[in-house]
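K.L.:
If you want my numbering, it's the 1-based position in the sequence shown plus 6. Here a beta-carbon is modelled for each residue, glycine too, at the ideal position from N, C-alpha and C. A quick note: this is a predicted structure, and the numbers were derived from the prediction, not measured. Take this structure first; my questions come after.
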Amino acid sequence: MRDVKRVLVWALQVFAGAVFVLVGSRKFVDLRWAHDFARWGYPAGFQLVIGGVEAACGLALLLPPLTSYAALVLMAVMAGAAATQFLHAGNASGAIVLFVITGFIGYLRRASAMRRQAPRAREAAVV
7 MRDVKRVLVW ALQVFAGAVF VLVGSRKFVD LRWAHDFARW GYPAGFQLVI
57 GGVEAACGLA LLLPPLTSYA ALVLMAVMAG AAATQFLHAG NASGAIVLFV
107 ITGFIGYLRR ASAMRRQAPR AREAAVV
């Protein structure tokens, strides 16, 4: 069962990482994003900041020491995306799904990291 969980979490990480890298990088080359961000009231170039954060954190999802931190940052970005989409389009389902997936990844990876560190903490307390 443990191997199934590990494979599931890695599959989610690869899926979410690919989505964030692809969508984030599109914000650099697709001018529609600049138009949409301006229409939503964000400053010029903000889509580049968001795209960079999405792409970088999408890659960081695949690096175990950074996974939970990347997931936390992506959850914040997706919360902002959900609010923006809900206010301007009335539908934020895509951002909400990605929010939940990244939260799930972050929770599972953080929990496994804490379990790995717990024996070390007990050993240090004994010394």
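1) Please report the distance separating the alpha-carbon of residue 69 from that of residue 15.
2) Report yes or no: do the segment 70–80 and the segment 42–50 share at least 3 C-beta pairs separated by less than 8 Å?
3) Take the Cβ of residue 66 as the centre, count every other Cβ of all protein chains shown within 10 Å, and call the residue buried at 16 or more, exposed below.
4) For residue 116, which residues of its own chain have a beta-carbon under 6 Å away from its beta-carbon, when the five flanking residues on both sides are left out?
5) Could you check whether residue 30 and residue 64 sit closer than 8 Å to each other, using their CB atoms as the reference points?
6) Just confirm the distance between the C-beta atoms of residue 56 and residue 83, as a whole number of angstroms; I'd bet it's less than 8 Å.
7) Is residue 54 closer than 8 Å to residue 34 when the C-beta atoms are compared?
P.N.:
By the coordinates alone:
1) 13 Å
2) no
3) buried
4) 74
5) yes
6) 6 Å
7) Taking 8 Å as the cut-off, the beta carbon of residue 34 is found closer than this to the beta carbon of residue 54.
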